[in-house]
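Before any comments, here is the structure.
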Amino acid sequence: MLSRTAENLYWIARYMERAETMGRLLEVGARISLIPSAGHGYRSEWESLLQASGTAEGFAEKYGDPVQRNIESYLFFDRDNPSSVVSCIERARENARIVRTAISGQVWDALNTAYQEILQIERQPRSEWELTELCEWVARQSALLRGAMDATMLRNDGFFFMNLGYALERADNSARLVDVKYFVLLPSVELVGSGLDNYQWQVLLRALKALRAFHWAYGGEVTASKIIDFLILNPASPRSLMSATRKAMHHLDNLARFYGDAPGADLALLHARALVKELEQTEVAEIVDEGLHEFLTRFIGEIGQVAALVQRSYLSGEAR
Amino acid sequence: MTEYFNEMFEGREVRPPYAGLDGWMREMPAQLRAMKQAEAEALFRRIGITFAVYGEGGDPDRLIPFDMFPRVFTQKEWRRLERGIKQRARALNAFLNDVYGRGEIVRAGRIPARLVYQNAAYERAVAGFVPPRGIYSHIVGVDLVRTGPDQFFVLEDNCRTPSGVSYMLENREIMMRMFPKLFRENRIEPVDGYPEALRRTLASVAPAKCESEPSIAILTPGHFNSAYYEHSFLADLMGVELVEGADLFVEGGFCWMRTTEGPKKLDVIYRRIDDAFLDPLCFRPDSMLGVPGLMDVYRSGGVTICSAPGAGVADDKAIYTFVPEMVRFYLGEEPLLENVPTWQCAKPDDLKYVLDHLPELVVKEVHGSGGYGMLVGPKATREQIETFRIKIEDNPHNYIAQPTLALSTTPTFVEEGVAPRHVDLRPYCLVGEKIELVPGGLTRVALTEGSLVVNSSQGGGVKDTWVLAE
Amino acid sequence: MILTVNHVTTYGYGEPMGTAVQSLRLFPSRFEGQRVIDWQVSVEGGVRGGAFRDGAGDRVEGWSIRPPVEEVAITVSGQVETFDTSGVLRGHRESVHPMAYLRETVATWIDDALADLGAEAVAGASDELDRAHRLSRAVAEAIAYRPGATHAHTTAAEALAQGEGVCQDHAHALIAAARSVDLPARYVSGYLFASEDGSPHEAAHAWAEIWVKPVGWIGFDPANRCCPDERYIRLGSGLDAREAAPVRGVTQGAGEERMKVTVALHEVQQ
Chain A
1 MLSRTAENLY WIARYMERAE TMGRLLEVGA RISLIPSAGH GYRSEWESLL
51 QASGTAEGFA EKYGDPVQRN IESYLFFDRD NPSSVVSCIE RARENARIVR
101 TAISGQVWDA LNTAYQEILQ IERQPRSEWE LTELCEWVAR QSALLRGAMD
151 ATMLRNDGFF FMNLGYALER ADNSARLVDV KYFVLLPSVE LVGSGLDNYQ
201 WQVLLRALKA LRAFHWAYGG EVTASKIIDF LILNPASPRS LMSATRKAMH
251 HLDNLARFYG DAPGADLALL HARALVKELE QTEVAEIVDE GLHEFLTRFI
301 GEIGQVAALV QRSYLSGEAR
Chain B
1 MTEYFNEMFE GREVRPPYAG LDGWMREMPA QLRAMKQAEA EALFRRIGIT
51 FAVYGEGGDP DRLIPFDMFP RVFTQKEWRR LERGIKQRAR ALNAFLNDVY
101 GRGEIVRAGR IPARLVYQNA AYERAVAGFV PPRGIYSHIV GVDLVRTGPD
151 QFFVLEDNCR TPSGVSYMLE NREIMMRMFP KLFRENRIEP VDGYPEALRR
201 TLASVAPAKC ESEPSIAILT PGHFNSAYYE HSFLADLMGV ELVEGADLFV
251 EGGFCWMRTT EGPKKLDVIY RRIDDAFLDP LCFRPDSMLG VPGLMDVYRS
301 GGVTICSAPG AGVADDKAIY TFVPEMVRFY LGEEPLLENV PTWQCAKPDD
351 LKYVLDHLPE LVVKEVHGSG GYGMLVGPKA TREQIETFRI KIEDNPHNYI
401 AQPTLALSTT PTFVEEGVAP RHVDLRPYCL VGEKIELVPG GLTRVALTEG
451 SLVVNSSQGG GVKDTWVLAE
Chain C
1 MILTVNHVTT YGYGEPMGTA VQSLRLFPSR FEGQRVIDWQ VSVEGGVRGG
51 AFRDGAGDRV EGWSIRPPVE EVAITVSGQV ETFDTSGVLR GHRESVHPMA
101 YLRETVATWI DDALADLGAE AVAGASDELD RAHRLSRAVA EAIAYRPGAT
151 HAHTTAAEAL AQGEGVCQDH AHALIAAARS VDLPARYVSG YLFASEDGSP
201 HEAAHAWAEI WVKPVGWIGF DPANRCCPDE RYIRLGSGLD AREAAPVRGV
251 TQGAGEERMK VTVALHEVQQ
């Protein structure tokens, strides 16, 4: 397969996952902002959203103060923001158009329909849309695409590259989502474990569509350490860092097998394996000791390293 | 009032090739027709066949209008065209071989040296190099018009990268899907062998250094190009890679594709970009589309480029006049297809005639294409004619003129029902180990009543083209 | 005359660059005026690519260098025996029609001054050879040799307007003037052996060739007011300096390119 084709497929998935994360982030923000936090008013929650999505700088340049409505526009509709939902869907669809013949008809339909619908949404006045509706719409498009992929694509390198894109983006994004919580909590350490704190964690779970799953898995009271375990270490939780990293490892393994490489020849695979192993041996207490934010920042760096190695091994067309 | 040849009706009689369509046309209720038309459009959109028009803005995903009324040829009519087209394709390739070699036709005084060697399309860089099998133009698109039952004229030759073949294939596909009964009742020669024939043609011109099954790719300028759909469509049907310049590099005298498994050698490139953009080292240094060093690899026999760089010198409008001469000179045969009589404004006598008869003539730019920059005398206003007169006087070398041909018409679905509209035809002749022509082509139709301009960029549409089996 | 050549061209970049690809025309032409005794071309760390003789009779060799590229060094060394053919390119095999050398390029664009210079120079000439000589003289007189007065992208018209230049400008001006009177002309790059007597020219040199009926291609060096003789080594030709360049290359990346050239020619005593 052409390296560029693999790259296009990989980025279709990354952009769609990123669009979904943006939608979920907006949902978290909308919910958290419904209750006042101690001392800082509503502003800090929204600011934390921008921080977590890595778009704070671009936003500040364009709008200045973080006002909810502007943030919504910036994260959802703004084409100047390369990570906005609209930008991501548009780019996913353009990548698909370029490799139209490497994806199934249904996958193309899913992407093309999402794109046509978002053009429609853009044309309507903003007041006609509830933010939560928009967020749900994004989640639905993402699910449709994933369903089309699973149902119709050949299990070959193209499929593996798409799934790899999904997994790496999800690992990165989940870490960032959990990090929002860090920014929100930072101002008042004494609130840890308080009713407010738990409420915010629940909002996060709800945004991840995981609140019920959480209760099934753990039962009893919602505590910070249970949640850290659920979102980071639990392999049963579909959005946990463990799940996403394992999925990335799995598809790197598929690729190595598909190309008939010598065992252990692929650096990206080795790195992903090491990362999974580390997560398997980590306890919640260790994460708290290291500091949640510090841990997440380091993890995001490691995932970035895997992505860079994928680039080198497969997408540059030179190194192998 | 000019009499136009109607390909379906002779007075009230239906000509034999269209016998199978008369009932179909009469029995189709208006409602069904509208439904089918909408269905066809939806199919085209879904597939993604769109055509961007340069310099107009507007919808970037514009569809070329598709007319459901097929254009039909009998086997006998087609055989004649086929022989004529193949003859022309052989002569054009012989000419290219000659002018990049010894230039016998010029030495013999049959074509002026200036027209060849000072032609902007003559590539000095490939002089003396003989491409595999001596073939320069592997896909020759010959544009034909018809003026009577047996009168066909060649309007122009396209030796570089004639486009539109995807429409030939998709038009048929969609017609078969919508009107299966028509295809059961009429015995129509299939066209779907084209991609395989093209692949065979390309494989047959792999470089001598290629020892295994040749690896083939289509080189596209990229997904912003108006014909990107066609590029990706053909690559898919042939089962070959669709590459951009950045996907390729040269090393060790070969051309390589960047793949997920590392570099993979490429033997034959079917390029859909112009010569000037192929290689910044050899041609335009500012080109971002090409592959640095590609021409060195090509000229040392490491890769084949189709069409060969420099092939454009054969389809220049000034050279066109001499194609019948080429047929006689290289093949020792009489041309089976006629040229349209052409006046070269560069010649003083011709120029005088042209300027005296502008309202009757069609005037074209020597290097123009796509129906841009042309004057259709009988349809032009006095003002347009005078503006053009000044242009011609300023730069006579840039223009040729031809009589306004009475282009044949075929029935076409229009608002009010069915009405005659003017058409032309572009068959695609493949030149490799064998010379092949799939029975069919692209029929372009001028949808506006009375219009003679069939170019899609000027409001033309397309039709499925049938060749009836014996 | 037997001449030895040592020629090193070095490209340096401020930062590591991507792939470098080069097309070299660094091989002595095959004709009666020169005979190669020994000739080596190499690119340090490079991979040799396709090699062939083009339609103009030049040998061309492709090279590529894998990234990261920090420096490209092209080394030429060899020995050539030369003979005086009075500038005539006798016995040179080529297949490009002379008329293809009437095409204008940016560097050889014919402005009014060049057209006037051409027309005046050939007025009253007896035959084509005479016309060519007169053109070469006229250019030599119109443009004084002055290093540093012009740069690599100076056109023939600009050099003529300025009235000074180097061998590249002389050649461009002569080509443009010749084409303006319908004489096919081309740019030739090569080496010139400057003897001890203090000739000021650099060893890397350029001149023009004019198609003169019925003789064929004849070299003219307006910079030295002569036709090439046994002090000259001919490498390659083209419509202008860019086309005839002994080294053409593309290196991917944003680093700024610095070029250094050293050429040494010596006569072998017999």
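Chains as they are written, first to last, in the UniProt record's numbering: chain A, 1 to 320; chain B, 1 to 470; chain C, 1 to 270.
Glycine included, every Cβ here is placed at the ideal spot set by N, Cα and C.
Please read these numbers as outputs of a predicted model, since none were measured by experiment.
Its chain contains V122 and A125 as the residues whose beta carbon lies nearer than 6 Å to that of R131 (chain C), once the 5 sequence neighbours on both sides are disregarded; these appear in chain order. In summary, K463 (chain B) is buried, with 16 or more beta-carbon neighbours lying within 10 Å of its beta-carbon over all protein chains present. Per the coordinates, the alpha-carbon of M326 (chain B) lies some 7 Å from the alpha-carbon of F95 (chain B).
Counting the other Cβ atoms within 10 Å of the Cβ of N395 (chain B) gives fewer than 16, which makes it exposed. Taking 8 Å as the cut-off, the Cβ atoms of A138 (chain C) and Q168 (chain C) do not count as close. Legend: CB atoms of the stretch 94 to 118 of chain C lying less than 9 Å from CB atoms of chain B belong to residues E94, S95, V96, H97, P98, M99, A100, Y101, L102 and R103. By the C-beta criterion, the stretch 409 to 417 of chain B is judged to be in contact with the stretch 69 to 76 of chain B, since at least 3 inter-stretch pairs fall below 8 Å.
By the C-beta density criterion, S456 (chain B) is buried, having at least 16 other C-beta atoms within 10 angstroms. In terms of CA proximity to A102 (chain A), A:F159 leads the group A:Y115, A:E128 and A:F159.
Per DSSP, the unbroken beta strand (DSSP E) holding D67 (chain B) starts and ends at F66 to F73. Identification of chain B residues near I98 (chain A) by a Cβ-Cβ cut-off of 7 Å yields H223, ordered along the chain. Look at F31 (chain C): its C-beta is not under 8 Å from any C-beta on chain B. When B:P221, B:F329, B:E261 and B:S307 are compared, the shortest CA-CA separation from L315 (chain A) is found for B:E261. Remark: C-beta atoms of R258 (chain B) and D274 (chain B) do not approach each other more closely than 8 Å. By the 16-neighbour rule on beta-carbons within 10 angstroms, V306 (chain A) is buried. The beta carbons of E189 (chain B) and A469 (chain B) sit closer together than 8 Å. When A:I71, A:E94 and A:N95 are compared, the shortest CA-CA separation from S84 (chain A) is found for A:I71. With fewer than 16 other Cβ atoms from the protein chains shown falling within 10 Å of its own Cβ, W216 (chain A) counts as exposed.
Under the rule that a run must span 3 or more residues, no beta strand (DSSP E) segment is found entirely inside the stretch 202 to 286 of chain A.
Per DSSP, the continuous beta strand (DSSP E) segment holding F52 (chain C) begins and ends at V47 to R53.
The beta carbons of W109 (chain C) and A176 (chain C) sit about 7 Å from each other, so the pair counts as a contact at 8 Å. Distances from the alpha-carbon of R14 (chain A) to those of A:M162, A:I232, A:A248 and A:E286 put A:M162 closest. The Cβ-Cβ distance between V106 (chain C) and I233 (chain C) does not fall below 8 Å. In the DSSP annotation of this structure, the continuous segment of the alpha helix (DSSP H) that includes L160 (chain C) starts and ends at A156 to Q162. For E27 (chain B), none of the residues of chain A pass the 8 Å Cβ criterion, the least Cβ distance being about 33 Å. In this structure, DSSP gives Q116 (chain A) a helical state, which the three-state scheme calls helix. Residues of chain B whose Cβ lies closer than 8 Å to the Cβ of S316 (chain A) are, in chain order, R258. The stretch 178 to 186 of chain C makes contact with the stretch 207 to 214 of chain C, as at least three CB pairs between them are under 8 Å. At a cut-off of 8 Å, the C-beta of S408 (chain B) has no neighbouring C-beta in chain C. Put simply, the CB of E251 (chain B) is near chain C, with a gap under 8 Å to one of its CB atoms. Restricting attention to B:T342, B:A308, B:I305 and B:C306, the CA atom closest to the CA of V323 (chain B) is found in B:T342.
When Cβ-Cβ separations below 8 Å define contact, V60 (chain C) makes contact with chain B.
The beta carbon of S189 (chain C) sits no closer than 8 Å to any beta carbon of chain B. Nearest to A96 (chain A) by alpha-carbon distance, out of A:H250, A:V86, A:S87 and A:N112, is A:N112.
Taking C-alpha positions only, E71 (chain C) is separated from G18 (chain C) by approximately 11 Å. Taking a 10 Å sphere around the C-beta of I303 (chain A), we find 16 or more other C-beta atoms and assign the residue as buried.
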